[in-house]
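Enquirer: These protein sequences, in sequence, are chains A and B. The first sequence: position 84 = 123 (our numbering), numbered continuously. The second sequence: position 188 = 281 (our numbering), numbered continuously.
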Amino acid sequence: MSRMKTLASAVLATTLAATATTSAAATDPVKVGVMLPFSGIYAQLGEAGRDGLKLALKEKAAELHGADIEFIEMDTEAKPARAPELASSMLGQHEADFVIGPVHSGVAMGMIKVLRGKDTVMIIPNAGAAAATGPLCSPNIFRTSFSSWQPSYPMGKIALDKGYKDVYLISWNYGMGRESLEAFEESFKAGGGNVVKKVLMPFPSTNFQPHISDIAAQDPDAVFVFFAGGGAIKFVKDYDAMGLRGKIPLLGSGFLTEGTLEAQGEAAEGVITGLHYAEQLDVPKNQEFREAFNTEYGHYPDIYAVQGYDAGLAIANTINQLNGDVSDKQAVIDTMAKLTINSPRGDFTFSRAHNPVQNIYLREVKDGVNVVTSVAAEALEDPARGCKL
Amino acid sequence: MTTELFFVQLINGLQYGLLLFLIASGLTLVFGVMGILNLAHGSMYMVGAYLVWYFATVTGSFTVSAVLSAIIALSLGILIERVLIQRLYNRNHLDQVLLTIGMIFVFNSLQSILFGNDPYGVAVPGALDGGIPFTDNSSYPIYRIFAALVCVAIAGVLYYVVSRTRLGMLIRAGESNREMVEALGVNIKSLYTIVFAIGVMLAAVSGIIAAPMRSIVPGMGESVLITCFVVVVIGGMGSIKGAFVGALLVGLISTFAAVLIPSMSNMIIYIFMILVLLVKPQGLFAK
């Protein structure tokens with residue numbers, strides 16, 4: 040028995056020694072900190088973003104010049120209050136080279152507080168708050184999703200083109216909701232459109248019935264809304280239940296029908312939205328990506344997966360161009376800023392404020408699918424008001 | 094506001110209020126009879142909605158899945174009362190609050206594990222699909238009228254049971270003096286089990302009825318719980334009549350506030366609650 044023990048210790052010692060040598064010999068891995076919600080109401084969005092990110096880095100593994108990727112995951116739970124603390128730990132304790140996150144704009148503000156002006160690159164894979172690439176922009180902060188202005192601004196002109204003069208606006212009274220309605224108004228009013236009424240409901244109330252009755256009474260040419268998730272499902276269903284579908288056209292920022300179409304069912308038919316992506320988008324990269332994602336995870340990706348995937352591409356391409364060495368942080372930032380990302384949504388570049396310069400597609404729900412009817416705005420750049428870069 | 098719009102909003106408010114009553118009735122019944130503050134009441138609403146969605150996708154029939162879900166909810170109520178709640182009758186409200194808050198987390202996690210985090214929708218049953226022409230360009234959904242009628246019917250049954258039947262008599266007696274009822278040979282233990290299970294079922298049935306009118310999403314139980322508490326506090330904790338009046342008031346006030354002062358519409362019911370409490374600190378119909 041004691042001989043066995045000695046033998047076992049010897050084996051153990053050798054193994055330890057061997058691991059010690061290998062880890063000392065290899066270069067330090069590139070640390071990618073993932074700060075996404077994996078629990079709570081945005082869990083599904085966080086998981087999709089992470090899966091996309093990991094898929095991109097896996098696909099590009101051969102182009103990383105031997106650099107290993109180490110993922111550090113943190114659940115932000117979509118709670119803004121904890122964001123600064125988590126971001127500090129990601130920076131200080133874990134010494135992440137790249138920080139990917141978050142989904143929620145409030146959390147983004149908390150993370151930016153800590154990461155702004157630092158040399159660690161932060162890539163926002165969803166949160167659309169204007170401030171992130173506006174007044175709070177910073178050389179090390181990038182966004183691979185959108186600014187809330189982008190999907191809504193082109194819709195004002197679309198409404199005018201369709202001959203809608205009097206439009207009723209409704210959304211939740213929070214950042215994304217207000218910014219989306221303002222962006223619509225900006226182009227709509229400039230073209231001579233008239234806003235019949237603008238309603239900002241408390242977030243996250245879904246008591247839409249009184250408002251939809253009011254819309255029926257006002258009888259506008261069209262309605263423009265920003266709602267997402269469960270609220271989007273309920274609004275579209277209530278709108279249909281009150282018999283307004285097919286009578287007063289419903290327009291929206293693309294999140295109205297993104298990831299919610301199945302639950303909305305027939306009620307969503309004919310809804311017109313603008314977004315920087317559509318599942319059926321006819322871009323070769325898109326088909327390729329969708330199949331690869333489905334093979335890896337057993338289901339088809341959504342917009343959140345695309346945005347995470349593009350964050351992964353941005354990291355991979357940067358490492359590739361720097362021959363696997365990310366120790367010079369300024370070089371990392373400069374390289375990333377000049378990238379063209381070959382995204383499933385079509386190629387995009389970063390603006391001076393590091394927000395994607397991208398196409399916004401006009402989509403109409405037909406037979407349960409967001410069908411792309413045209414490009415609502417080509418290579419649309421966020422105005423980045425207040426950004427001093 | 095035109096007369097026409099006023100009437101539409103009146104109906105919206107009543108319909109919303111009746112649904113609120115159905116959700117709140119179970120909470121106030123359990124509190125009134127057993128003195129148990131069930132914070133997981135909203136979770137039971139969520140359970141009803143998720144179950145009816147699940148069975149509707151499996152069976153394709155709303156009626157079948159509604160009945161199945163209600164039966165499961167009733168059994169769940171019996172189980173929870175027997176296993177957990179029974180241990181709390183002689184403890185203070187803090188322990189009850191801790192246990193039932195814990196139940197919220199358990200039910201939320203179960204929901205996430207069993208059904209995932211995607212939002213879902215339940216189709217309105219075919220026979221009730223469609224609307225009654227109301228104004229030039231809109232119609233009032235038949236399902237909403239049906240839902241309101243179901244709420245009225247359940248309120249009627251509840252009123253009848255509590256005020257006219259032997260079970261109701263025991264419930265009322267148990268409320269005022271549980272030792273005496275026990276001394277008279279009534280099995281107060283099983284009476285409590287029945288009351289708690291009915292409370293759970295009322296919450297679940299509200300979730301079932303609401304399912305085709307709203308989206309089935311994680312966290313739907315918590316939002317409803319808060320409104321439910323406002324209703325119960327306005328009406329007076331433990332009073333079913335109070336819950337009925339409180340629910341209708343909250344439904345009407347929030348509906349009209351939504352149109353007249355949209356930015357304040359969420360706050361207005363809390364302001365109303367404060368006003369009520371200033372005048373009647375125990376609520377409108379407290380005993």
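Heads up, the beta-carbon is just placed ideally off N, CA and C, and yes, glycines get one too. Quick caveat: nothing in here was measured; it's all calculated off a predicted structure.
1. How close, in whole Å, do the beta carbons of A/Glu-218 and A/Ala-255 come, if the pair is a contact with beta carbons under 8 Å?
2. Using CA atoms only, rank isn't needed, just tell me which of B/Leu-345, B/Ala-266 and B/Val-324 is closest to B/Ala-336.
3. Can you name the start and end residues of the beta strand (DSSP E) that A/Met-474 belongs to?
4. Of the choices A/Lys-427, A/Thr-245, A/Val-142 and A/Gln-360, whose alpha-carbon is the least far from that of A/Ser-390?
5. How many Å lie between A/Glu-224 and B/Phe-155 at the Cα?
6. If I measure Cβ to Cβ from A/Lys-276 and keep anything under 7 Å in the same chain, skipping five residues before and after, which residues do I get?
7. Three or more C-beta pairs under 8 Å: does that hold for the region 109–118 of chain A against the region 155–172 of chain A?
8. If contacts are defined as beta-carbon pairs under 8 Å, then A/Leu-199 and A/Gly-230 qualify, I think. What distance do you get, rounded to the angstrom?
9. Any chance you could list the alpha helix (DSSP H) runs of at least 4 consecutive residues sitting entirely within the region 116–147 of chain A, in chain order?
10. Hey, could you find the ends of the alpha helix (DSSP H) A/Lys-273 is sitting in?
11. Whose C-alpha, out of A/Gly-202, A/Ala-222, A/His-104 and A/Gln-189, is nearest the C-alpha of A/Asp-364?
12. Is it right to say A/Tyr-339 is buried, meaning 16 or more other beta carbons lie within 10 angstroms of its own, or is it exposed?
13. Could you check the C-alpha separation between B/Ile-173 and B/Leu-161 for me, to the nearest Å?
14. Quick one: give me the first and last residue of the beta strand (DSSP E) that A/Pro-395 is part of.
15. For chain A, is any of its Cβ atoms less than 8 Å away from the one on B/Gly-300?
16. Does A/Ser-62 get closer than 8 Å to chain B when you measure Cβ to Cβ?
17. Is there a C-beta anywhere in chain A that falls below 8 Å from the one on B/Met-203?
18. Mind checking if B/Val-101 is an interface residue toward chain A, Cβ cutoff 8 Å exclusive?
19. State the start and end residues of the unbroken beta strand (DSSP E) segment that holds A/Asp-205.
20. To which residues of the same chain is A/Arg-284 closer than 8 Å at the C-beta, ignoring the five residues directly before and after it?
21. Are the region 211–227 of chain B and the region 187–202 of chain B in contact at 8 Å, needing three or more beta carbon pairs?
22. From A/Ser-244 to A/Gly-270, what does the alpha carbon distance come to, in whole angstroms?
23. Beta carbons nearer than 9 Å to chain A: which residues of the region 336–352 of chain B have them?
24. Between which two residues does the beta strand (DSSP E) harbouring A/Val-408 extend?
25. Between the region 131–163 of chain B and chain A, which residues of the former have a C-beta closer than 8 Å to a C-beta of the latter?
26. If I'm right that A/Asp-107 touches A/Val-71 with Cβ under 8 Å, what's the distance once you round it to whole angstroms?
27. So which residues on chain B does A/Ile-272 lean against when the C-beta distance must stay under 7 Å?
28. A/Lys-99 to B/Phe-322, Cα distance in whole Å?
29. At 4 residues or longer, what runs of the alpha helix (DSSP H) sit wholly inside the region 115–153 of chain B?
30. Check for me: the beta strand (DSSP E) holding B/Asp-229 runs from which residue to which?
31. Out of B/Ser-358, B/Tyr-285 and B/Ile-361, point me to the one whose CA is closest to B/Val-176's CA.
32. Which value, in whole angstroms, describes the spacing of the CA atoms of A/Ile-140 and A/Lys-152?
33. Check this for me: beta carbons of B/Val-293 and B/Met-137, under 8 Å apart or not?
34. Looking only at C-alpha atoms, which of A/Leu-154, A/Pro-190, A/Met-194 and A/Asp-205 sits nearest to A/Phe-181?
35. Under the three-state reduction of DSSP, which class applies to B/Pro-332: helix, strand or coil?
36. Give the residues of chain B in contact with A/Gly-282, contact being defined as C-beta atoms less than 7 Å apart.
Expert: Reading it off the structure:
1. Contact flag wrong, Cβ pair sits at about 27 Å.
2. Relative to the Cα of B/Ala-336, the nearest Cα in the group B/Leu-345, B/Ala-266 and B/Val-324 belongs to B/Val-324.
3. No statement about residue 474 of chain A is possible, as the shown extent of chain A runs from 40 to 428 and does not include it.
4. It is A/Lys-427.
5. Roughly 42 Å separates the two Cα atoms.
6. The beta carbon of A/Lys-276 lies closer than 7 Å to those of Gln-303 and Ala-306 in the same chain, with the five residues before and after it left out.
7. With fewer than three CB-CB distances shorter than 8 Å, the region 109–118 of chain A does not count as touching the region 155–172 of chain A.
8. Confirmed, about 4 Å.
9. Runs of the alpha helix (DSSP H) lying entirely within the region 116–147 of chain A and spanning at least 4 residues, in chain order: 122–131.
10. A/Lys-273 -> alpha helix (DSSP H) spans 268–280.
11. With distances taken between Cα atoms, A/Asp-364 lies closest to A/His-104.
12. A/Tyr-339 is exposed by the Cβ-count criterion.
13. Roughly 18 Å separates the two Cα atoms.
14. Note, A/Pro-395: beta strand (DSSP E), 395–405.
15. So, not an interface residue.
16. For A/Ser-62, the predicted model reports a pLDDT of 42, less than 50, meaning its position is unreliable; a value from the coordinates is still stated below. It does not: the Cβ of A/Ser-62 has no partner Cβ on chain B nearer than 8 Å.
17. One detail in the question is off: residue 203 of chain B reads as Leu in this sequence, not Met. For B/Leu-203, the answer is no, since every Cβ of chain A falls outside 8 Å of its Cβ.
18. Closer than 8 Å to the CB of B/Val-101 there is at least one CB belonging to chain A.
19. Annotation: the continuous beta strand (DSSP E) that includes A/Asp-205 extends over 205–211.
20. Apart from sequence neighbours up to five positions away, the residues of its chain that approach A/Arg-284 with a beta-carbon distance below 8 Å are Tyr-278, Ala-306, Glu-308 and Gly-309, ordered along the chain.
21. Between the region 211–227 of chain B and the region 187–202 of chain B there are fewer than three C-beta pairs closer than 8 Å, too few to call the two in contact.
22. Distance between the alpha carbons of A/Ser-244 and A/Gly-270: 8 Å.
23. Taking 9 Å as the Cβ-Cβ cut-off against chain A, the residues of the region 336–352 of chain B that qualify are Ser-347, Thr-348, Phe-349, Ala-350, Ala-351 and Val-352.
24. Run containing A/Val-408: 408–419, per the beta strand (DSSP E) assignment.
25. The region 131–163 of chain B vs chain A, Cβ under 8 Å: nothing.
26. Actually they do not touch by this definition, with Cβ atoms about 11 Å apart.
27. Simply Pro-212, Gly-214 and Ser-308.
28. Each residue's alpha carbon lies about 53 Å from the other.
29. The qualifying runs are 134–152.
30. B/Asp-229 -> no beta strand (DSSP E), and no H or E assigned at all.
31. Each of B/Ser-358, B/Tyr-285 and B/Ile-361 was checked against the Cα of B/Val-176, and the nearest Cα belongs to B/Tyr-285.
32. In the sequence on display, residue 140 of chain A carries Gly and not Ile. Approximately 13 Å between the Cα atoms of the pair.
33. Here B/Val-293 is near B/Met-137, since their CB atoms are less than 8 Å apart.
34. The residue with the shortest Cα to Cα distance from A/Phe-181 is A/Leu-154.
35. Before going further, note that residue 332 of chain B is Ser rather than Pro in the sequence given. The answer is coil: DSSP assigns B/Ser-332 none of H, G, I, E or B.
36. Neighbours of A/Gly-282 on chain B, chain order: Gly-224, Ser-231 and Ser-232.
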